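Colleague:
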Amino acid sequence: MTVLIVDDEQYIVDLLAELLEEEGYAVRRAYDGLAALESVTSNPPDLILSDVMMPKMDGLALVNRLRERGFSIPVVLMSAAVTPRTHDTTFIPKPFDIDHMLGVIAGATTKANS
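Take -17 as the starting number for the sequence shown in this note's numbering and just add one per residue.
1) Pick out the complete beta strand (DSSP E) segments inside the region 9 to 70, 3 residues or longer, and give them in chain order.
2) May I have the straight-line CA-CA distance separating A17 from V(-15), to the nearest angstrom?
3) How is the alpha helix (DSSP H) around Y(-7) delimited, first residue to last?
4) Could you work out which residue in V57, M35 and L29 is closest to V8 when comparing CA atoms only?
5) Taking the C-alpha atoms as reference points, what is the distance between G52 and D79?
6) Tell whether a beta-carbon distance below 8 Å holds between L59 and G41.
7) Compute the distance between the beta-carbons of G15 and L(-3), then report whether it is under 8 Å.
8) Since K38 and S61 are thought to touch, with beta carbons under 8 Å apart, how far apart are those beta carbons, to the nearest angstrom?
9) Quick check: the Cα distance between S21 and P56, rounded to an integer number of angstroms?
10) For V34, I'd like the list of residues in its chain whose CB is within less than 8 Å of its CB, leaving aside the five on either flank, ordered along the chain.
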């Protein structure tokens, strides 16, 4: 199971990558929505864990672009500032509880595989 982590704050990406790798996930990293879109286009992950507020392309725009291109990859959005209201994403507020976040990711990947 491969998770693409997208956040403009490198320490958050590194922390999440370490946690997910300890749980057995393969992890890829991107630091803005445009880089994530390129990564998904060339090699789609099983799940995307993305911040909402980022430079170049925010998380909501990333989800919209992915859907426009026909990708149905599950997306979990994170934010300290906003609560996005989209019909096909899961939201985790920052700061996040690690156990809750891992449960949401496990649930999203299970749902995608069923």
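Idealized CB from N, CA, C, for every residue including glycine.
Just so we're clear, the structure is a prediction, and the values are computed from it rather than from any experiment.
Modeller: In short, the structure shows the following:
1) 29 to 33 and 57 to 61
2) 14 Å
3) Q(-8) to E4
4) With the sequence shown as reference, residue 8 is identified as Ala, and Val is not the correct amino acid for it. For the residues V57, M35 and L29, the minimum Cα distance to A8 belongs to L29.
5) 32 Å
6) yes
7) no
8) That belief does not hold up - the Cβ atoms of K38 and S61 are roughly 16 Å apart, past 8 Å.
9) 15 Å
10) D40, G41, L42, L59, M60, S61, A63, V64 and P66
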